[in-house]
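Input: a single structure, listed below in C-alpha coordinates.
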Amino acid sequence: MKPGALLQLAGWIALTAAFAAVGAFASVHAAVFYAQLDRPGWAPPAWLFGPVWSLLYLMMAIAAWRVGRTAASRACPALLLYLAQLAVNALWSWLFFAWHLGAAAFACIVVLWLMIAATIVLFGRRERLAAMLLWPYLAWVSFAGGLCFSIWQRNPSLLG
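For the sequence shown, the positions run -20 to -1, 1 to 140 when mature numbering (1 follows the signal peptide of the UniProt record, and there is no 0) is used.
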(Lines of atoms letter the chains of each structure in order from A and count residues from 1; the text may use other names and numbers.)
(Lines give C-alpha, C1' and ligand atoms only; values in the text may rest on other atoms or scores of the structure.)
Protein backbone atom coordinates (compact mmCIF):
# COMPACT_ATOMS: atom_id res chain seq x y z
CA MET A 1 0.00 0.00 0.00
CA LYS A 2 1.30 3.43 -0.93
CA PRO A 3 2.00 5.91 1.91
CA GLY A 4 -0.68 8.27 0.57
CA ALA A 5 -3.28 5.51 0.60
CA LEU A 6 -2.30 4.54 4.13
CA LEU A 7 -2.67 8.16 5.24
CA GLN A 8 -6.12 8.32 3.64
CA LEU A 9 -7.14 5.12 5.42
CA ALA A 10 -5.92 6.55 8.73
CA GLY A 11 -7.96 9.68 8.01
CA TRP A 12 -11.15 7.71 7.44
CA ILE A 13 -10.54 5.67 10.57
CA ALA A 14 -9.96 8.85 12.60
CA LEU A 15 -13.03 10.59 11.17
CA THR A 16 -15.24 7.57 11.79
CA ALA A 17 -13.81 7.22 15.30
CA ALA A 18 -14.58 10.89 15.97
CA PHE A 19 -18.27 10.29 15.25
CA ALA A 20 -18.14 7.15 17.39
CA ALA A 21 -16.64 9.21 20.22
CA VAL A 22 -19.52 11.69 20.06
CA GLY A 23 -21.94 8.81 20.53
CA ALA A 24 -19.77 7.21 23.19
CA PHE A 25 -19.73 10.45 25.17
CA ALA A 26 -23.52 10.14 25.52
CA SER A 27 -23.06 6.54 26.66
CA VAL A 28 -20.71 7.20 29.58
CA HIS A 29 -23.29 5.84 32.03
CA ALA A 30 -24.90 3.44 29.57
CA ALA A 31 -23.92 0.28 31.47
CA VAL A 32 -25.68 1.50 34.62
CA PHE A 33 -28.77 2.62 32.70
CA TYR A 34 -28.82 -0.57 30.61
CA ALA A 35 -28.72 -2.68 33.79
CA GLN A 36 -31.79 -0.82 35.13
CA LEU A 37 -33.86 -1.58 32.05
CA ASP A 38 -36.26 -4.47 31.66
CA ARG A 39 -34.68 -6.22 28.67
CA PRO A 40 -35.85 -9.16 26.58
CA GLY A 41 -34.12 -12.49 27.12
CA TRP A 42 -32.35 -12.14 23.77
CA ALA A 43 -30.69 -8.85 24.74
CA PRO A 44 -26.89 -9.12 24.68
CA PRO A 45 -24.82 -8.33 27.76
CA ALA A 46 -23.61 -4.73 28.03
CA TRP A 47 -19.94 -5.70 27.58
CA LEU A 48 -20.62 -7.01 24.05
CA PHE A 49 -21.57 -3.66 22.54
CA GLY A 50 -18.09 -2.11 22.71
CA PRO A 51 -16.25 -4.86 20.81
CA VAL A 52 -19.02 -5.20 18.21
CA TRP A 53 -19.16 -1.47 17.55
CA SER A 54 -15.37 -1.21 17.41
CA LEU A 55 -15.21 -3.85 14.69
CA LEU A 56 -18.14 -2.34 12.80
CA TYR A 57 -16.65 1.16 12.88
CA LEU A 58 -13.36 -0.18 11.54
CA MET A 59 -15.16 -1.98 8.70
CA MET A 60 -17.18 1.16 7.96
CA ALA A 61 -14.03 3.30 7.79
CA ILE A 62 -12.37 0.82 5.43
CA ALA A 63 -15.48 0.87 3.24
CA ALA A 64 -15.46 4.69 3.09
CA TRP A 65 -11.76 4.69 2.30
CA ARG A 66 -12.28 2.24 -0.56
CA VAL A 67 -15.05 4.42 -2.01
CA GLY A 68 -12.96 7.55 -1.51
CA ARG A 69 -10.26 6.03 -3.70
CA THR A 70 -12.63 5.93 -6.69
CA ALA A 71 -13.26 8.95 -8.93
CA ALA A 72 -13.83 11.76 -6.43
CA SER A 73 -16.72 13.52 -8.15
CA ARG A 74 -18.71 10.28 -8.38
CA ALA A 75 -17.88 9.21 -4.82
CA CYS A 76 -18.89 12.48 -3.17
CA PRO A 77 -22.66 11.79 -2.74
CA ALA A 78 -21.93 8.35 -1.31
CA LEU A 79 -19.40 9.73 1.15
CA LEU A 80 -21.66 12.61 2.19
CA LEU A 81 -24.40 10.09 2.94
CA TYR A 82 -21.87 8.00 4.86
CA LEU A 83 -20.98 11.01 7.03
CA ALA A 84 -24.65 11.89 7.54
CA GLN A 85 -25.48 8.38 8.73
CA LEU A 86 -22.53 8.52 11.14
CA ALA A 87 -24.09 11.66 12.65
CA VAL A 88 -27.48 9.96 12.94
CA ASN A 89 -25.79 6.96 14.56
CA ALA A 90 -24.20 9.24 17.17
CA LEU A 91 -27.52 11.01 17.71
CA TRP A 92 -29.17 7.69 18.60
CA SER A 93 -26.86 7.27 21.60
CA TRP A 94 -27.84 10.69 22.88
CA LEU A 95 -31.55 10.05 22.39
CA PHE A 96 -31.50 6.67 24.11
CA PHE A 97 -28.75 6.79 26.74
CA ALA A 98 -28.42 10.48 27.62
CA TRP A 99 -31.93 11.83 27.11
CA HIS A 100 -33.92 8.58 27.65
CA LEU A 101 -36.28 9.28 24.74
CA GLY A 102 -37.44 5.84 23.61
CA ALA A 103 -39.80 6.88 20.81
CA ALA A 104 -37.32 9.34 19.35
CA ALA A 105 -34.51 6.78 19.61
CA PHE A 106 -36.59 4.19 17.79
CA ALA A 107 -37.53 6.69 15.04
CA CYS A 108 -33.85 7.62 14.78
CA ILE A 109 -32.75 4.01 14.35
CA VAL A 110 -35.34 3.50 11.60
CA VAL A 111 -33.94 6.54 9.77
CA LEU A 112 -30.43 5.22 10.40
CA TRP A 113 -31.35 1.83 8.91
CA LEU A 114 -32.69 3.51 5.77
CA MET A 115 -29.57 5.66 5.48
CA ILE A 116 -27.28 2.64 5.86
CA ALA A 117 -29.24 0.78 3.18
CA ALA A 118 -28.93 3.78 0.84
CA THR A 119 -25.21 4.05 1.64
CA ILE A 120 -24.77 0.38 0.73
CA VAL A 121 -26.45 1.01 -2.62
CA LEU A 122 -24.29 4.06 -3.37
CA PHE A 123 -21.10 2.37 -2.18
CA GLY A 124 -21.97 -0.66 -4.31
CA ARG A 125 -22.07 1.53 -7.40
CA ARG A 126 -18.50 2.62 -6.67
CA GLU A 127 -16.88 -0.46 -5.17
CA ARG A 128 -18.52 -3.82 -4.47
CA LEU A 129 -16.33 -4.78 -1.50
CA ALA A 130 -17.03 -1.43 0.16
CA ALA A 131 -20.75 -2.19 0.05
CA MET A 132 -20.18 -5.69 1.39
CA LEU A 133 -18.24 -4.29 4.33
CA LEU A 134 -21.39 -2.42 5.41
CA TRP A 135 -23.70 -5.45 5.46
CA PRO A 136 -22.70 -6.49 9.01
CA TYR A 137 -23.41 -2.92 10.13
CA LEU A 138 -26.89 -3.07 8.62
CA ALA A 139 -27.48 -6.46 10.24
CA TRP A 140 -26.39 -5.18 13.65
CA VAL A 141 -28.54 -2.04 13.36
CA SER A 142 -31.47 -4.27 12.37
CA PHE A 143 -30.95 -6.24 15.56
CA ALA A 144 -30.40 -3.04 17.57
CA GLY A 145 -33.61 -1.58 16.16
CA GLY A 146 -35.61 -4.55 17.37
CA LEU A 147 -33.88 -4.36 20.73
CA CYS A 148 -34.51 -0.61 20.98
CA PHE A 149 -38.22 -1.09 20.26
CA SER A 150 -38.55 -3.94 22.74
CA ILE A 151 -36.75 -2.08 25.53
CA TRP A 152 -38.72 1.10 24.87
CA GLN A 153 -42.02 -0.83 25.08
CA ARG A 154 -40.96 -2.62 28.28
CA ASN A 155 -39.78 0.58 30.01
CA PRO A 156 -42.25 3.41 29.41
CA SER A 157 -41.40 5.11 32.70
CA LEU A 158 -37.63 5.12 31.99
CA LEU A 159 -37.84 5.82 28.26
CA GLY A 160 -40.76 8.26 28.15
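Positions of the beta carbon are idealized from the N, C-alpha and C atoms, including for glycine.
Quick one, which of the options has its alpha-carbon nearest residue i's?
i        : options                         : result
Leu118   : Phe129, Ala97 and Asn135        : Ala97
Trp120   : Ala64, Cys56 and Ala23          : Ala23
Ser7     : Gln(-13), Leu71 and Met40       : Leu71
Ala(-16) : Thr99, Arg49 and Trp79          : Arg49
Ala(-1)  : Glu107, Gly82, Arg105 and Leu35 : Leu35
Within a Cβ cutoff of 7 Å, which residues of the same chain sit near residue i, ignoring the five residues on either side of it in sequence?
i      : result
Phe103 : Ala43, Val47, Ala58, Ala110, Ala111 and Leu114
Go through its chain and collect everything with a Cβ distance to residue i's Cβ below 6 Å, but skip five positions before and after it.
i        : result
Ala84    : Leu75
Asp18    : Arg134 and Asn135
Ser130   : Pro20
Leu(-12) : Trp45
Residue i to residue j, Cα distance in whole Å?
i       : j      : result
Gly126  : Val32  : 17 Å
Ile(-8) : Leu66  : 12 Å
Tyr37   : Pro136 : 31 Å
His9    : Gln16  : 11 Å
Pro20   : Ala51  : 46 Å
Which class does residue i belong to by DSSP, given the choice of helix, strand or coil?
i      : result
Thr99  : helix
Ser7   : coil
Arg108 : helix
Met39  : helix
Ala122 : The question names Ala, yet the displayed sequence has Ser at residue 122. Residue state, collapsed to three classes: helix.
Trp22  : coil
Ser73  : helix
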